[in-house]
Amino acid sequence: MKGCEAVAEAAVRAGCRFYAGYPITPQNDVPEYFSRRMPQVGGVFLQGESEVASANMLLAAAASGTRAMTTSSSCGISLMSEAISWMAMHHLPAVIGNFQRGGPGIGSIQPSQQDYTQATKASGNGGFQMIVLAPSTLQEAADMTYEAFDLADKYSFPVLVLLDGFTGTMMEPVAMPEAKSDEEVAAIKASKTWVPRGREKDHTLHNITDGAPLQDRNKREAAMYEEWKTTEVKWEEYLTEDAELIISGYGIAARIAKSVVNDLRKAGYKVGLIRPIRVNPFPAQAFEKLNYEKLRGILCTELSIPAQYAVDVRNVVRGRTPVGTALSSGGEIITADAIYEAAVEMYGKL
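Take the sequence shown: its position 228, counting from 1, is numbered 227 in numbering that gives the first Met the number 0, and each next residue is one higher.
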């Protein structure tokens, strides 16, 4: 099945019963799939009149306790940022999927990873953060979407699945997670005792205008983000034990890079891979544990010019080894040959 379809089906199986979205390439197969699937499970599908409207519909559905989702692509996510910030302010659990395309602006409909900084550091005003999952295969796209709903409910906070147009439109076999029963879906909703019922005043969603209460909330959220750094970090290490050069990236770029690592190993180069499975919280531990005395360098690869993911790597490495880049942008997919050549050059000259 297609990546877009895998994400949508996994969401339904996770108990998602509300989806609102607006068409934008390359994620149009997501709302199309939901439009057929939601009526089959007693859910609600709405095509909003805009990304802004769709995101605010998501906010309202989340406030009702319903497991809810929206998806868009890059510039569409930017239009949703205000509502996402409001969901963070009110601690409303919801799942957002971003199938990245080339930018800035309307850019290109081709795949990209140019929304990394937005996704991990500035998804809306107010300095909030989300857990950001970054699948590199369609199996991971399905599994992480399913998992995202549990994470959203665990912290009562929006969660982002960061994909790209390549992952959304390619086709692969996918083993779907088990679907939650109607009883399980109802129990999840009933467990959210904070939901306003209209009969008793047990929880109120409102603006916080006084400085001290808002500051206290910011402090609690900052503590939550710090907690994530120990409880919610996930990454993959591949052939790193004896590696003299590390290639690192996330999503589709890391998938391409993994094949390059295998080719470089066959050619006699001691190369390994570090791939964040979640890009926020960032897996600093993966880089802290490296033996910098034997390391020739780290090569970051991503579909972004200028580099964004590489900035986080450099901040963690702190000059202990050179950090190079192999980049593409504007909808161009980085090739295995380009990563291979950059790795050989970096390996040989250091």
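Heads up, the beta-carbon is just placed ideally off N, CA and C, and yes, glycines get one too.
Just the Cα atoms here: how many angstroms apart are residue i and residue j?
i	j	result
residue 157	residue 288	31 Å
residue 191	residue 53	23 Å
residue 10	residue 16	9 Å
residue 257	residue 230	26 Å
residue 4	residue 28	6 Å
residue 122	residue 277	16 Å
residue 315	residue 262	28 Å
residue 228	residue 279	8 Å
residue 243	residue 310	21 Å
residue 40	residue 186	16 Å
residue 151	residue 267	44 Å
residue 146	residue 30	20 Å
residue 330	residue 103	11 Å
residue 35	residue 224	37 Å
residue 347	residue 320	14 Å
residue 124	residue 84	6 Å
residue 345	residue 284	23 Å
residue 327	residue 302	5 Å
residue 106	residue 100	7 Å
residue 219	residue 80	21 Å
residue 253	residue 108	21 Å
residue 153	residue 343	44 Å
residue 69	residue 95	5 Å
residue 246	residue 221	31 Å
Compare the C-alpha of residue i against each of the options and name the closest.
i	options	result
residue 56	32, 37, 93 and 27	93
residue 175	346, 168 and 6	6
residue 233	242, 243 and 282	282
residue 20	259, 291 and 50	50
residue 24	47, 163 and 226	163
residue 12	159, 345, 148 and 317	148
residue 127	320, 166, 302 and 159	159
residue 166	139, 318, 88 and 218	139
residue 59	101, 82, 78 and 271	82
residue 87	38, 216 and 99	216
residue 89	155, 249, 241 and 180	155
residue 317	291, 141 and 239	291
residue 250	343, 237, 275 and 168	275
residue 238	38, 180, 222 and 271	271
residue 241	180, 222 and 264	264
residue 42	26, 304, 168 and 181	181
residue 195	91, 26 and 304	91
Considering only residues of the same chain and omitting the five flanking positions on each side of residue i, which have a CB-CB separation below 8 Å?
i	result
residue 183	14
residue 32	3, 4, 7 and 8
residue 48	21
residue 306	299, 324 and 326
residue 38	44
residue 269	241, 242, 243 and 244
residue 142	9, 134 and 176
Within the same chain, show all residues whose beta-carbon is closer than 7 Å to that of residue i, passing over the 5 residues directly before and after it, in chain order.
i	result
residue 313	322
residue 325	298, 300, 333, 337, 338 and 341
residue 335	255, 258 and 259
residue 45	19 and 56
residue 349	With a pLDDT of 46 at residue 349, under the threshold of 50, the predicted position of this residue should be treated as unreliable, though the coordinate-derived value follows. 295, 296 and 321, listed in sequence order.
residue 0	170 and 173
Taking 6 Å as the limit between beta carbons, can you name the residues of its chain near residue i, skipping five residues before and five after?
i	result
residue 203	With a pLDDT of 49 at residue 203, under the threshold of 50, the modelled position of that residue is not reliable, and no figure is offered here.
residue 161	97, 118, 131 and 133
residue 144	6, 9, 10 and 160
residue 78	50 and 51
residue 137	2, 5, 171 and 173
residue 212	none
residue 116	307
residue 67	17, 57, 60, 61 and 93
residue 179	14
At least three beta-carbon pairs within less than 8 Å, the segment 289-296 to the segment 60-77: no
Given 8 Å, three or more beta-carbon pairs between the segment 109-123 and the segment 60-67: These segments do not touch.
Uninterrupted beta strand (DSSP E) stretches inside the segment 126-155 (no shorter than 3 residues): 130-132
Every unbroken beta strand (DSSP E) inside the segment 209-236 [3 residues or more]: Runs of the beta strand (DSSP E) inside the segment 209-236: none found.
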